[in-house]
Amino acid sequence: MKLRHPRAALPAMVAALLTAASLASAPATAAPTALAPPDIPVANIQAHLNALQQAASRNGGNRAHGRPGYRASVDYVKGRLDAAGYRTRIQEFTYNGYRGYNLIADWPYGDPNNVLMAGGHLDSVTAGPGINDNGSGSAGLLEVALTVSREGLRPNRQLRFGWWGAEELGLVGSRYYVNSLTSTERSRIRGYLNFDMIGSPNPGYFVYSASGQPSGSATLENALRAGFQAEGVPIELTSVGGRSDHASFARAGIPVGGTFSGAEGYKSSAQARKWGGTAGAPFDRCYHRSCDTTSNISSTALDRHTDVIAHAVYSLAG
Ligand code: DPN
Ligand code: CA
Ligand code: ZN
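All the letters of the sequence shown, read from the start, carry residue numbers -30 to -1, 1 to 288 under mature numbering (1 follows the signal peptide of the UniProt record, and there is no 0).
What follows is the structure, given as structure tokens:
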């Protein structure tokens, strides 16, 4: 994604002089022009995870495609967004003979021809409640969206959030959404940020590598890196390949990025020195298992990754 600089049309030397002059003459107490990114309280995100855990517990223990726990999850997230002033829509599709649902929420401000999207999948596997995979990304995105509303953000770009169905069956919901767009609608989406697993109990701090996957965006990678830098957390780049919903957007040529706290892979000793936690153990030992409950979350990782979502959304929204 290219961000237009306001002085891009001026010759470089004039621009440099102007920048130098305004910096030199700016009083030390000058108010920042950009809205400071918020520090999201982790308790708010955990409250959403508790609601998703309940959606599973009351509905046979999972939130999988075609099961009532999935629909209960959609209804919870939609209810919170509607109350906050979002324009929401449930997009239905059918897969494996069952109705599936994507939830799409627009913050009704900013340029509709210049959209920044952020999303993640809301379904779990049938084995368990899917609280880290991917209640965590779903809850983090929801709390960032609610913060945008609470703070009355009026961005230059339009912000759109998406919660995808049936990811666990092969990125089904996100592919359906992208395929449902006209080419004009696709071209309005200037970037897509994906969050799938951000609260792993033995966490890593990974940013999707712009050069390591199709349609990777250096602008998005850098915005996420800057967020972690502000948190004082060292990152590693990773190539998530086709394993999550960003791939549906990448296939349509939409620039993508995201963060990830690790799944079934093992934390190395170098990573344990850098991030703490247990070397030689998986990032998430409950990945795709019945023990992926609210106990299977690092609140530190959940908090940091969500603060980074907010940081990136605020800085990219303009
Ligand atoms: N989306 C999950 C899965 O494919 O099971 C987990 C995952 C997310 C894996 C991000 C890699 C990267
Ligand atoms: Ca926080
Ligand atoms: Zn996932």
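Glycine included, every Cβ here is placed at the ideal spot set by N, Cα and C.
Source: prediction; values computed, not measured.
Measuring alpha carbon to alpha carbon, tell me which of the options ends up nearest residue i.
i	options	result
residue 72	144, 180, 254, 26	144
residue 132	156, 122, 90, 97	90
residue 274	195, 149, 155	195
residue 93	157, 54, 76, 142	142
residue 32	104, 192, 217	104
residue 43	26, 57, 280	26
residue 14	264, 112, 78	112
residue 102	61, 271, 281	271
residue 82	99, 106, 98, 57	57
residue 204	176, 212, 221	176
residue 155	178, 199, 86	86
residue 255	207, 267, 140, 246	267
residue 30	100, 60, 244, 150	100
residue 149	138, 223, 119	223
residue 88	97, 37, 76	76
residue 97	216, 172, 174, 39	39
residue 233	240, 169, 282, 241	169
residue 116	23, 17, 66	17
residue 310	157, 52, 63	With the chain covering -30 to 288 only, the question about residue 310 has no answer from this structure.
residue 247	172, 258, 70	172
residue 36	63, 20, 59	63
residue 60	147, 8, 24, 140	147
residue 121	151, 212, 55	55
residue 10	288, 269, 287, 286	269
residue 140	21, 6, 211, 202	211
residue 107	157, 158, 167	167
residue 289	157, 216, 245	Any question about residue 289 goes unanswered here, given that the chain covers just -30 to 288.
Specify, as a first and last residue, the run of the beta strand (DSSP E) that residue i falls within.
i	result
residue 162	159 to 165
residue 178	176 to 178
Hey, residue i and residue j are a contact pair by Cβ (cut 8 Å); roughly how many whole angstroms apart?
i	j	result
residue 49	residue 276	The pair is not a contact, with the Cβ atoms about 20 Å apart (cut-off 8 Å).
residue 237	residue 253	6 Å
residue 214	residue 137	7 Å
residue 282	residue 174	So it is not a contact: roughly 18 Å between Cβ atoms.
residue 279	residue 114	5 Å
residue 135	residue 70	4 Å
residue 251	residue 239	11 Å between Cβ atoms; not a contact.
residue 7	residue 285	7 Å
Can we count residue i as close to ligand 5, meaning its CB is less than 8 Å from some heavy atom?
i	result
residue 85	Absence of ligand 5 from the depicted structure is noted, with ligand 1, ligand 2 and ligand 3 being the only ligands included.
For the alpha helix (DSSP H) that contains residue i, what are its first and last residues?
i	result
residue 49	38 to 53
residue 24	12 to 27
residue 56	It is not in any alpha helix (DSSP H) - residue 56 carries neither H nor E in the DSSP assignment.
residue 344	As shown, the chain starts at -30 and ends at 288. That puts residue 344 outside it, with no answer to give.
residue 274	269 to 287
Does any CB atom of chain B fall closer than 9 Å to the CB of residue i?
i	result
residue 128	Of the protein chains in this structure there is only one, and it is not chain B.
Sequence ranges, alpha helix (DSSP H) only - wholly within the stretch 188 to 252, length at least 4: 188 to 201, 216 to 221, 239 to 245
Continuous alpha helix (DSSP H) assignments of at least 4 residues falling wholly in the stretch 61 to 137: 107 to 120
The stretch 225 to 235 in contact with the stretch 156 to 169 per 3-pair CB rule at 8 Å: yes
At least three beta-carbon pairs within less than 8 Å, the stretch 256 to 265 to the stretch 172 to 188: no
Cβ contact check for the stretch 121 to 136 and the stretch 187 to 202: 3 or more pairs under 8 Å: no
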